[in-house]
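Student: Supplied in structure tokens, the structure appears directly below.
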Amino acid sequence: MHDRLLAELLGPRPALGALPRRLRELAERIGAAFGGRQVSPDSSAQLVRAFAAAGVTSPRPARTCCAGVDHPAVPLLLEYKELSRLHAAHGWSWLDSWVWAGRFRPEYVPGGVVSGRWATRGGGALQIPRAVRRAAVADPGWTFVVADAGQLEPRVLAAMYGQAGGEAGQLRGVRRSRFPEAVGHVEAAARAGRRAGWYGRGWAGPARRRRRAGWS
């Protein structure tokens, strides 16, 4: 499905190191829009010179393209940039690296960043562009359910543990009655962290631990 999607957007799979057909066509049309100049859409310097020759002075062509400049090359450049990003980040090389036996197999890292959110070691599993998501389909006889809660529940629990005042305090009883096991895990983790000298996201040295305990 992903391969068909790429072929639909970029053309047939090119030889290794070559541009897909759609990108080559757009590059030719961009050059024609600049009066037949040899302009590489991937070269900022060449684009600056080409726009300058057309009466558009800007050191940053990408920003110029987004500023509503009335030039026939602008929509072609925007399309080229979008498809080029797709080809580089989620094209056939990505497909060969991260998809096999009909499945996308990223390397997820639960709690991989300091905020507690998940991360990945490759494949860009947390930032798959909308166009590529169409390749995720259910097997025959199955239903594919999409849900994105933004890890809301564990993050709320982690942010509210230990708080006894305000709205958080008012909700303590509700949380404990509805999610007793989850609250128990959070509080057990907090106790273990205090015993080990961890407070919040940082390590508390001996002097800091004594101050927190009221010893000095």
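First residue of the sequence shown? That's 2 in the numbering used here, and the numbers climb one at a time after it. Think of the CB as a built atom: it goes at the ideal place given N, C-alpha and C, for glycine as much as any other residue.
Taking W93 as part of the alpha helix (DSSP H), name the residues at either end of that continuous run.
Tutor: Numbered from its first residue, the sequence shown carries residue 93 at position 92. It spans W93 to W99 - the alpha helix (DSSP H) in which W93 sits, taken as one unbroken run.
Student: DSSP beta-bridge partners for V110?
Tutor: Translated into the one-based positions of the sequence shown, residue 110 becomes position 109. DSSP output for V110 lists A120 as bridge partner(s).
Student: Run the CB neighbour count on G32, radius 10 Å, all protein chains shown included, and call it buried at 16 or more, exposed below.
Tutor: Here residue 32 corresponds to residue number 31 of the sequence shown, with the count starting at 1. Classification for G32: buried.
Student: Quick check: L79 and L11, are their CB atoms within less than 8 Å of each other?
Tutor: Along the sequence shown, one-based indexing puts residue 79 at 78. Along the sequence shown, one-based indexing puts residue 11 at 10. No, they are not a contact pair.
Student: Quick check: what's the CA-CA separation for F35 versus V57?
Tutor: Position 34 of the sequence shown holds residue 35. Position 56 of the sequence shown holds residue 57. Those two C-alpha atoms are separated by around 12 Å.
Student: Put F52 into one of helix, strand or coil per three-state DSSP.
Tutor: For the purposes of this step, residue 52 is taken as residue 51 along the sequence shown, with counting starting at 1. Three-state result, F52: helix.
Student: Taking only the alpha-carbon atoms, compute the straight-line gap between Q47 and R38 and give it to the nearest angstrom.
Tutor: Residue mapping note: residue 47 aligns to position 46 of the sequence shown, counting from 1. Residue mapping note: residue 38 aligns to position 37 of the sequence shown, counting from 1. Roughly 10 Å between the two C-alpha positions.
Student: Please report how far the alpha carbon of G185 lies from the alpha carbon of R177, in whole angstroms.
Tutor: Stepping through the sequence shown from its first residue, residue 185 is reached at position 184. Stepping through the sequence shown from its first residue, residue 177 is reached at position 176. So the alpha carbons of these two residues sit roughly 8 Å apart.
Student: Decide if G123 is buried, meaning its Cβ has at least 16 other Cβ atoms within 10 Å, or exposed.
Tutor: As a working note, residue 123 is residue 122 in the sequence shown. G123 should be labelled exposed.
Student: What residues are listed by DSSP as bridge partners for R104?
Tutor: Here residue 104 refers to the residue found at position 103 of the sequence shown. Bridge partners of R104: W101.
Student: So what's D43 in DSSP terms, helix, strand or just coil?
Tutor: As a position in the sequence shown, residue 43 is number 42, starting the count at 1. Correct three-state label for D43: coil.
Student: Rank S94, V49, L96 and Y109 by C-alpha distance to the C-alpha of V75 and give the top, closest one.
Tutor: In the sequence shown, the residue the question calls residue 75 occupies position 74. The candidate whose alpha carbon is nearest that of V75 is V49.
Student: Is I129 helix, strand or coil when you go by DSSP?
Tutor: Counted from its first residue, the sequence shown places residue 129 at position 128. Coil.
Student: If we ignore side chains and look at the alpha-carbon of each, how far apart do R23 and R131 end up?
Tutor: Taking the first residue of the sequence shown as 1, we reach residue 23 at position 22. Taking the first residue of the sequence shown as 1, we reach residue 131 at position 130. Going from the Cα of R23 to the Cα of R131 covers about 19 Å.
Student: Using only the alpha-carbon positions, how far apart do L96 and R135 sit?
Tutor: In the sequence shown, counting from the first residue as 1, residue 96 sits at position 95. In the sequence shown, counting from the first residue as 1, residue 135 sits at position 134. For L96 and R135, the distance between alpha carbons rounds to 14 Å.
Student: For G198, which of helix, strand or coil comes out of DSSP?
Tutor: Position 197 of the sequence shown, counted from the first residue, corresponds to residue 198. The answer is coil: DSSP assigns G198 none of H, G, I, E or B.
Student: DSSP three-state label for M2, please.
Tutor: Taking the first residue of the sequence shown as position 1, residue 2 is located at position 1. DSSP places M2 in coil when its eight states are reduced to three.
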